[in-house]
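Chemist: Chains as they are written, first to last, in the working numbering: chain A, 9 to 258; chain B, 5 to 268. Note that beta-carbon positions come from the ideal geometry of N, C-alpha and C, so glycine has one too. Remember, predicted model here, so these are calculated numbers, not experimental data.
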């Protein structure tokens with residue numbers, strides 16, 4: 009058995025849902041004096057453990073608010089878990105909410121470099137892949153147009169093209185395939201399959217159960233911040249569909 | 005541990021560079037004179053100040069300063085660098101909340117970016133300083149290059165303060181207003197347009213000497229205006245304030261940064 013590429017050990021993620029969010033010093037001290045400085049705690053993840061082997065195509069399913077995106081953010085290092093630990097052996101390319109780091113006032117050309125460096129690429133590396141990005145996003149005619157004049161689909165294409173020029177060890181994708189027209193979606197899927205065949209491990213969040221069934225070899229099912237089921241795709245998806253149907257009957 | 009930090013920084017140094025260049029692009033986009041404003045702006049501000057201190061507030065200007073225009077401009081430029089860069093650094097983390105919630109980036113990049121941006125701006129405005137020196141026929145000393153030392157130390161000092169402010173501003177927005185008031189008070193104690201000795205008040209002189217800004221400005225004036233070398237004490241004081249503040253800033257930032265995402 010190989011060493012897992014991602015190890016999530018008993019991770020809990022606690023948020024303070026401050027109802028009276030103290031954003032000023034005065035309020036803070038007032039509440040402190042009154043003894044009112046308490047927070048409603050909310051666990052987005054509770055004691056989640058997961059281990060992903062290199063080359064896996066892991067799917068995450070669950071209803072809205074079940075903690076899927078939080079888990080992705082813990083893995084990609086945006087959140088530091090409140091308890092437990094998360095270890096990733098290798099580079100991570102997060103395709104979470106694409107286009108983070110785009111500046112709407114800059115042109116597409118400038119944004120390719122800005123976004124590329126946000127993801128940690130060197131300018132040389134971006135230079136070398138510039139053509140590829142332009143080609144893939146099909147936006148050659150609009151390279152020097154400020155991004156604020158782009159449609160949301162165009163922004164999404166550009167973002168996907170920049171984020172996937174790398175050959176990361178782990179690719180994290182949060183419902184990104186829901187962007188663009190169907191032709192572009194196919195193109196995205198192909199590119200992800202290609203990355204996969206190059207040995208990249210993929211973690212995919214999607215609400216489309218068909219997509220998960222088609223692409224993933226393992227699935228984890230999250231419910232209220234806990235892992236309800238974890239295993240081969242058919243088993244988990246079958247169980248997931250079962251309960252969803254039962255819910256429908258009620 | 006340290007190796008990890010260095011690797012992280014090297015990986016994101018291009019991001020730092022790109023963010024700074026974005027600041028410049030956006031600042032001067034659609035302006036005809038563009039970067040020339042970095043020189044014109046301080047030049048015009050100083051002209052205004054100079055006129056005011058020679059007419060309306062003639063009684064307030066320091067006595068016995070041989071080249072008042074240059075004296076004033078240096079004080080202004082350095083103090084404005086400090087005020088602007090720390091103020092920008094203060095809201096830098098908050099303003100990038102969108103980004104920080106989505107991808108991992110070392111968070112100190114943002115205060116660092118604003119201090120660097122301020123520093124580059126400040127270097128541009130030294131062209132204005134040279135122009136003022138030429139107009140007033142001030143002597144140009146070779147020691148002018150030594151002025152870089154207090155300037156760089158001031159930048160390190162500002163970075164320390166900027167990191168503390170950025171961390172605090174995430175949790176308490178009040179800091180933004182408090183800092184504005186505080187820097188205004190600080191300005192009056194930085195001997196920008198007077199000399200501390202002219203009041204003949206030892207207590208006040210001692211108080212002003214405690215102000216690190218005064219130390220940086222004085223060290224800069226000594227090299228640029230008076231053609232002096234920096235004394236050992238000056239070198240030490242400039243470095244000490246900078247390093248202590250940077251250490252404090254890094255400590256506060258590191259202690260709090262994991263919670264930033266939850267509060268923005």
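State the Cα-Cα distance for the pair residue 204/B and residue 169/B, rounded to the nearest angstrom.
Modeler: Between residue 204/B and residue 169/B, the C-alpha separation is close to 35 Å.
Chemist: If residue 122/B sits next to residue 88/B, beta carbons under 8 Å apart, how far is it from one beta carbon to the other, in whole angstroms?
Modeler: Going by Cβ atoms, the distance from residue 122/B to residue 88/B rounds to 5 Å, so yes, they are a contact pair.
Chemist: Please tell me whether residue 206/A has its Cβ less than 8 Å away from any Cβ of chain B.
Modeler: Residue 206/A does not count as touching chain B.
Chemist: So with Cβ pairs under 8 Å, would you call residue 102/B a contact of chain A?
Modeler: Output row for residue 102/B: interface = yes.
Chemist: Taking C-beta pairs closer than 7 Å, name the residues in chain A that residue 3/B reaches, listed in chain order.
Modeler: Past the boundaries of the shown model lies residue 3/B; chain B is included only from 5 to 268, so the question cannot be answered.
Chemist: Quick check: is the beta carbon of residue 131/A nearer than 8 Å to any beta carbon in chain B?
Modeler: It does: the Cβ of residue 131/A has a partner Cβ on chain B nearer than 8 Å.
Chemist: Return the Cβ separation of residue 241/A and residue 224/A in integer angstroms, given the expectation that the two are a contact with Cβ distance under 8 Å.
Modeler: With 8 Å as the limit, residue 241/A and residue 224/A qualify as a contact, their Cβ atoms being about 5 Å apart.
Chemist: Could you give the first and the last residue of the continuous alpha helix (DSSP H) run that contains residue 176/B?
Modeler: No alpha helix (DSSP H) contains residue 176/B, which DSSP labels as neither H nor E.
Chemist: Residues of chain B with a CB under 9 Å from the CB of residue 102/A: which are they?
Modeler: Ordered by position in chain B, the residues that pass the 9 Å Cβ test against residue 102/A are 106, 107, 108.
Chemist: Can you tell me where the beta strand (DSSP E) holding residue 193/B begins and where it ends?
Modeler: It is not in any beta strand (DSSP E) - residue 193/B carries neither H nor E in the DSSP assignment.
Chemist: When you compare the CB of residue 127/A with every CB in chain B, is at least one pair closer than 8 Å?
Modeler: Yes, residue 127/A counts as interfacial toward chain B.
Chemist: Rounded to the nearest angstrom, what separates residue 151/A and residue 80/A at their Cα positions?
Modeler: If I take the Cα positions, the gap works out to 31 Å.
Chemist: Residues in the region 237 to 262 of chain B with C-beta within 8 Å of chain A's C-beta atoms, listed in sequence order?
Modeler: Of all residues in the region 237 to 262 of chain B, 262 have a Cβ within less than 8 Å of some Cβ in chain A.
Chemist: My output table needs one value for residue 22/A: the three-state DSSP class, helix, strand or coil.
Modeler: Residue state, collapsed to three classes: strand.
Chemist: Using 8 Å as the threshold, is the region 127 to 141 of chain A in touch with the region 40 to 60 of chain B, meaning 3 or more CB pairs across them?
Modeler: Short answer: they don't touch.
Chemist: In the DSSP output, which residue or residues are listed as bridge partners for residue 66/A?
Modeler: In DSSP, residue 66/A forms a bridge with 211/A, 226/A.
Chemist: So is residue 72/A buried or exposed if we call it buried at 16+ other beta carbons inside 10 Å?
Modeler: Residue 72/A should be labelled exposed.
Chemist: Compute the Euclidean distance between the alpha carbons of residue 124/A and residue 181/B, then round it to the nearest angstrom.
Modeler: When rounded, the distance between both Cα atoms is 35 Å.
Chemist: Please identify, using Cβ separations under 7 Å, the residues of the region 173 to 195 of chain B that lie next to chain A, in order along the chain.
Modeler: Listed by position, the residues of the region 173 to 195 of chain B near chain A (Cβ gap below 7 Å) are 176, 177, 178.
Chemist: Have a look at the DSSP bridge pairing and note the partners of residue 95/A.
Modeler: In DSSP, residue 95/A forms a bridge with 15/A.
Chemist: For the candidate residues 225/B, 20/B, 157/B, whose alpha-carbon lies nearest to that of residue 148/B?
Modeler: Checking every option, the nearest Cα to that of residue 148/B belongs to 225/B.
Chemist: Would you say residue 7/B reaches chain A, if we count a Cβ-Cβ gap shorter than 8 Å as a contact?
Modeler: Cβ-Cβ to chain A under 8 Å: no for residue 7/B.
Chemist: Grouping DSSP H, G and I as helix and E and B as strand, with all else coil, what is residue 125/B?
Modeler: The answer is helix: DSSP assigns residue 125/B an H, G or I state.
Chemist: For residue 137/A, count neighbouring Cβ atoms within 10 angstroms of its own Cβ and tell me buried if that reaches 16, exposed if not.
Modeler: Under this definition residue 137/A is a buried residue.
Chemist: Would residue 147/A pass as a contact of residue 165/A if the rule is Cβ separation under 8 Å?
Modeler: Closer than 8 Å, so yes.
Chemist: According to the Cβ coordinates, are residue 74/A and residue 12/A closer than 8 Å?
Modeler: Not in contact: residue 74/A and residue 12/A (Cβ atoms no closer than 8 Å).
Chemist: Given that residue 24/A touches chain B, what residues does it touch there, using C-beta distances under 7 Å?
Modeler: In chain order: 266.
Chemist: Considering only the alpha carbon of each residue, which of 200/A, 96/A, 69/A lies closest to residue 251/A?
Modeler: Cα-wise, what sits closest to residue 251/A is 69/A.
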